[in-house]
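*Asks:* One structure, pasted below without further comment.
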Amino acid sequence: MKVLVDTSVWSTALRRRSKAALNPAERNAVRELSTLIDEARASMAGCIRQEVLSGIGVESQFQRLRETLQAFDDLGAGMSTYECAAELFNQCRASGIQGSQIDFLICAIAREHRVPIFTLDQDFTRYAEVCRVELYRPRDA
Numbered sequence: 001m002k003v004l005v006d007t008s009v010w011s012t013a014l015r016r017r018s019k020a021a022l023n024p025a026e027r028n029a030v031r032e033l034s035t036l037i038d039e040a041r042a043s044m045a046g047c048i049r050q051e052v053l054s055g056i057g058v059e060s061q062f063q064r065l066r067e068t069l070q071a072f073d074d075l076g077a078g079m080s081t082y083e084c085a086a087e088l089f090n091q092c093r094a095s096g097i098q099g100s101q102i103d104f105l106i107c108a109i110a111r112e113h114r115v116p117i118f119t120l121d122q123d124f125t126r127y128a129e130v131c132r133v134e135l136y137r138p139r140d141a
């Protein structure tokens, strides 16, 4: 089964700082992402790709990362996906849960494609119940 890997995991794995500087949960996430990549199970969405690529000021680094990320399938989003994201936003807001438009789009994409979300962002724990999405748990967690 494919896994939708959130920006928080990609960003942690792609950081330039020493892996020793990562906390245990981050180290485990980087290890798990590597395993998912080896198993050809890691997936992206267009909005996650955009977030990962945003803010890279050096053109050569941007192009290199862009080419690297092209190896990962995007789980598609159409009109119904965006409508679902808006609906999830409204449902969460009615339940007193705040979140970003992108986060709810990620939830909608995961629901539509029936894949779990692999994230380090604790906000998704709050969204999961209302949005009825599955969160991916690393094997060593």
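Residue 61 in my numbering sits at position 61 of the sequence shown, with consecutive numbering throughout. Where is the CB? At the ideal position from N, CA and C, for every residue including glycine.
1. Taking the C-alpha atoms as reference points, what is the distance between proline 24 and glutamine 91?
2. Return the bridge partner residues of phenylalanine 118 from the DSSP annotation.
3. Kindly indicate if chain D contains any beta-carbon less than 8 Å away from that of histidine 113.
4. Take cysteine 84 and list the residues in its own chain whose beta-carbon comes closer than 6 Å to its own, dropping the five residues that flank it on each side.
5. Once the 5 residues before and after glycine 96 are set aside, which same chain residues still bring their CB inside 7 Å of it?
6. How should methionine 44 be labelled, buried or exposed, when 16 other C-beta atoms within 10 angstroms of its C-beta is the threshold for buried?
*Replies:* So, from the listed chains and residues:
1. 33 Å
2. Val5
3. In the structure shown, chain D does not exist; there is a single protein chain.
4. Ala108
5. none
6. buried
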